[in-house]
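Undergrad:
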Amino acid sequence: MALSGEMEELCAGYLYKSPQASLFKLQKSWKRRYFVLLKKCEITCHLKYFKSEEMKNSEPIGAIDLSQVSSMFLNPEIHSMWKWVHENFRCSPSCVLFMKVADRDYFLIGETSLEIEKWFSALYEAMYNRPHKLFEPKEYGRIRDISAPPNSLKTDQRVEWKLDARSDSSKDEQHEKEIGKLEKSFL
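All the letters of the sequence shown, read from the start, carry residue numbers 1298 to 1484 under this note's numbering.
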């Protein structure tokens, strides 16, 4: 379903969105928004959010610039604000997607881990045409399997993403490997 003749809707649904850093610890500043991931052309996608689904054909109240995303991951337990998010929203880490954008960090909270995995996959695919590579989990702290207890440690279960300049042929080969790892991490 497209919002306009030139854009294809790739993913849509309600998520709780973190506010800017100065309001982060005010729970009432976290808003439930209707997010829509739109594909404009092969290499351009937009992530917009609206007050409600009924408002999606009007101007969005905001957008996350996908060209400015430097990292994205599920289960943000290593983030310094995770403890506050978990205590105030009583959510499982597997229901949370973290995105680091040039000007701020976003926590997006879904109702279920499957919903957040769907968003992660859609966003990952949307950003694939940008140069990228997988993080080495050992470089970036504690990572655990979503089915493991909160204090267990694993180093190979979360896919993370960041910018990297590569030739197109090496990007295609790397993309196939990353999709395989992504599929394994969801099993």
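Ideal placement from N, C-alpha and C gives every residue a C-beta, glycine not left out.
Under three-state DSSP, which class holds Ile1279?
TA: Here the chain has residues from 1298 to 1484 only, and residue 1279 is not among them.
Undergrad: To the nearest angstrom, how far is it from the Cα of Thr1409 to the Cα of Ser1391?
TA: Position 112 of the sequence shown, counting from 1, holds the residue named residue 1409. Position 94 of the sequence shown, counting from 1, holds the residue named residue 1391. Whole-angstrom Cα-Cα distance: 8 Å.
Undergrad: Would you call the region 1363-1378 and the region 1391-1402 in contact, with 3 or more CB pairs under 8 Å?
TA: In short, these stretches touch, since the Cβ pair count reaches three.
Undergrad: In whole angstroms, what separates the C-alpha of Ser1364 from that of Asn1385?
TA: The residue labelled residue 1364 in the question sits at position 67 within the sequence shown. The residue labelled residue 1385 in the question sits at position 88 within the sequence shown. Cα-Cα distance, rounded: 30 Å.
Undergrad: Residues in the same chain with beta-carbon distance under 7 Å from His1376, minus the five sequence neighbours each way, listed in chain order, please.
TA: For this step, residue 1376 is matched to residue 79 along the sequence shown. The residues are Phe1395.
Undergrad: What are the start and end residues of the beta strand (DSSP E) that includes Ile1406?
TA: To locate residue 1406, count along the sequence shown from 1; it is residue 109. Segment 1401-1406, the beta strand (DSSP E) holding Ile1406.
Undergrad: In chain order, what residues of the same chain have a beta carbon less than 7 Å from the beta carbon of Gln1317, not counting five sequence neighbours either side?
TA: Against the sequence shown, residue 1317 aligns to sequence position 20. So the list reads Arg1401, once near-sequence residues are dropped.
Undergrad: If you run the structure through DSSP and keep just helix, strand and coil, what is Phe1417?
TA: Start at 1 with the first residue of the sequence shown, and residue 1417 comes out as number 120. Of the three classes helix, strand and coil, the one that applies to Phe1417 here is helix, per DSSP.
Undergrad: Going by DSSP, name the residue or residues bridged to Lys1328.
TA: Start at 1 with the first residue of the sequence shown, and residue 1328 comes out as number 31. Answer by DSSP bridge pairing, in chain order: Lys1314.
Undergrad: Compare the Cα-Cα distances from His1343 to each of Ile1406, Glu1305, Gly1310, Glu1351 and report the closest residue.
TA: Within the sequence shown, the letter at position 46 stands for residue 1343. The shortest Cα separation from His1343 among Ile1406, Glu1305, Gly1310, Glu1351 belongs to Glu1305.
Undergrad: Give me the Cβ distance between Tyr1331 and Ser1349, rounded to the nearest whole Å; I'm assuming they're in contact under 8 Å.
TA: Here residue 1331 refers to the residue found at position 34 when the sequence shown is read from its first residue. Here residue 1349 refers to the residue found at position 52 when the sequence shown is read from its first residue. With a Cβ gap of about 6 Å, Tyr1331 and Ser1349 count as contacting.
Undergrad: From the DSSP output, read off the bridge partner residues of Val1382.
TA: If you number the sequence shown from 1, residue 1382 lands on position 85. Looking at the DSSP assignment, Val1382 forms no beta bridge with any residue, so it has no partner.
Undergrad: Taking DSSP's pairing of strands, which residues face Ala1309 in a bridge?
TA: Reading the sequence shown from its first residue, position 12 is the one you call residue 1309. According to DSSP, Ala1309 bridges with Val1333.
Undergrad: Quick one, are the C-beta atoms of Gly1310 and Glu1412 less than 8 Å apart?
TA: In the sequence shown, the residue the question calls residue 1310 occupies position 13. In the sequence shown, the residue the question calls residue 1412 occupies position 115. Yes, Cβ-Cβ distance for Gly1310 and Glu1412 is below 8 Å.
Undergrad: Could you tell me which of Met1378, Glu1422, Ala1419 sits nearest to Leu1323, measuring between CA atoms?
TA: Here the question's residue 1323 lines up with position 26 in the sequence shown. Among Met1378, Glu1422, Ala1419, the Cα nearest to that of Leu1323 is on Met1378.
Undergrad: Taking the alpha carbon of Leu1307 as the reference point, which residue from Glu1339, Lys1328, Lys1325 has its own alpha carbon closest?
TA: Along the sequence shown, read from residue 1 onward, the residue named residue 1307 stands at position 10. Considering only alpha carbons, the answer is Glu1339.
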